[in-house]
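**Q**
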Amino acid sequence: MRDFLAALIVGMAITAFLMLVVIPAAVAVEAPACVIKRDLDGRIHRSERVRRHFQRLNPCPSNGRTAGACPGYVKDHVIPLCACGSDSVGNLQWSDRRESLEKDREELRLCEEIKHGKIPAYTDRADLCRVLAPLQWPLLTKDLCDGNRHATGNN
Numbered sequence: 000m001r002d003f004l005a006a007l008i009v010g011m012a013i014t015a016f017l018m019l020v021v022i023p024a025a026v027a028v029e030a031p032a033c034v035i036k037r038d039l040d041g042r043i044h045r046s047e048r049v050r051r052h053f054q055r056l057n058p059c060p061s062n063g064r065t066a067g068a069c070p071g072y073v074k075d076h077v078i079p080l081c082a083c084g085s086d087s088v089g090n091l092q093w094s095d096r097r098e099s100l101e102k103d104r105e106e107l108r109l110c111e112e113i114k115h116g117k118i119p120a121y122t123d124r125a126d127l128c129r130v131l132a133p134l135q136w137p138l139l140t141k142d143l144c145d146g147n148r149h150a151t152g153n154n
């Protein structure tokens, strides 16, 4: 009986070591930061269903409609999809159309930096904010790090 208990304890210790040390280390090395879905043209996939659901939950700021056009505003991802932001209601916000175009320029720069490995893609908002802070991209950091200007989903 003692031999059985000793073998059981040794087996449990080995299993715990594998689960806590070896396996997480292997996964951390091999797992990508995120998987970015792209369409056949290479563009990042965006779900129209998510966009419609967002507007049903967050009516247009300019006309209060829960479907259709929203003059002067666009549905914008708070954390860019190229930076592992989710294509979900909780990552969308209403943005002024003109300001959104300026923010898009900053996002394109960010995406290029990520693409070329100069900045890692992050799934954690706080880590992304720390990396972006010294880069002087005011519109991108304003949405990500200083809170949202307009109603969002469960952000």
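Here the sequence shown stands for residues 0 to 154, numbered as in numbering that gives the first Met the number 0. Virtual Cβ for every residue (Gly too), placed ideally from N, Cα, C.
Enumerate in chain order the residues of its own chain whose CB-to-CB distance from C81 is below 8 Å, with the five nearest sequence positions on each side excluded.
**A** As a first step, residue 81 must be located in the sequence shown, where it is residue number 82. Excluding residues within five positions, the ones whose Cβ falls inside 8 Å are I35, I43, E106, L109, C110, I113, K114 and A120.
**Q** So, with DSSP's three-state summary, where would you put L39?
**A** Here residue 39 is taken as the residue at index 40 of the sequence shown, counted from 1. DSSP places L39 in coil when its eight states are reduced to three.
**Q** Look up V88 in the DSSP assignment and say whether it is helix, strand or coil.
**A** Position 89 of the sequence shown holds residue 88. DSSP places V88 in helix when its eight states are reduced to three.
**Q** Starting from D75, trace the beta strand (DSSP E) in both directions and tell me its first and last residue.
**A** The sequence position of residue 75 within the sequence shown is 76, counting from 1. Unbroken beta strand (DSSP E) run through D75: Y72 to H76.
**Q** Judging by CA-CA distance, which residue of V77, D123 and D126 is the nearest neighbour of G89?
**A** The residue given as residue 89 occupies position 90 in the sequence shown. Looking at the Cα atoms, V77 is the closest of the given residues.
**Q** For R64, which residues of its own chain have a beta-carbon under 8 Å away from its beta-carbon, when the five flanking residues on both sides are left out?
**A** For the purposes of this step, residue 64 is taken as residue 65 along the sequence shown, with counting starting at 1. Q54 and P58.
**Q** Would you mind sorting R41 into buried or exposed? The rule is 16 or more other CB atoms within 10 Å of its CB.
**A** Translated into positions along the sequence shown, residue 41 becomes position 42. Here the sequence assigns Gly to residue 41, which means Arg is not the residue at that position. By the 10 Å Cβ count, G41 comes out exposed.
**Q** CB P79 to CB L139, shorter than 9 Å?
**A** Along the sequence shown, one-based indexing puts residue 79 at 80. Along the sequence shown, one-based indexing puts residue 139 at 140. In contact: P79 and L139 (Cβ atoms closer than 9 Å).
**Q** Can you check DSSP and say which residues form a bridge with S94?
**A** As a working mapping, residue 94 is identified with position 95 in the sequence shown. In the DSSP output, where bridge partners are listed per residue, S94 has V73.
**Q** Determine, using beta carbons only, whether D75 and V49 come nearer to each other than 9 Å.
**A** Counting from one through the sequence shown, the residue named residue 75 turns up at place 76. Counting from one through the sequence shown, the residue named residue 49 turns up at place 50. Contact: no.
**Q** Once you ignore the five residues that flank A24 on each side, which residues in its own chain have a CB closer than 7 Å to its CB?
**A** Sequence index remark: in the sequence shown, residue 24 carries index 25 (1-based). With a pLDDT of 48 at A24, under the threshold of 50, the modelled position of this residue cannot be trusted; read the value that follows with caution. Around A24: no qualifying Cβ.
**Q** Using a Cβ-Cβ cut-off of 6 Å (strictly less than) and excluding sequence neighbours within five positions of G71, which residues of its own chain qualify?
**A** Counting from one through the sequence shown, the residue named residue 71 turns up at place 72. Result list for G71: S61 and R96, in chain order.
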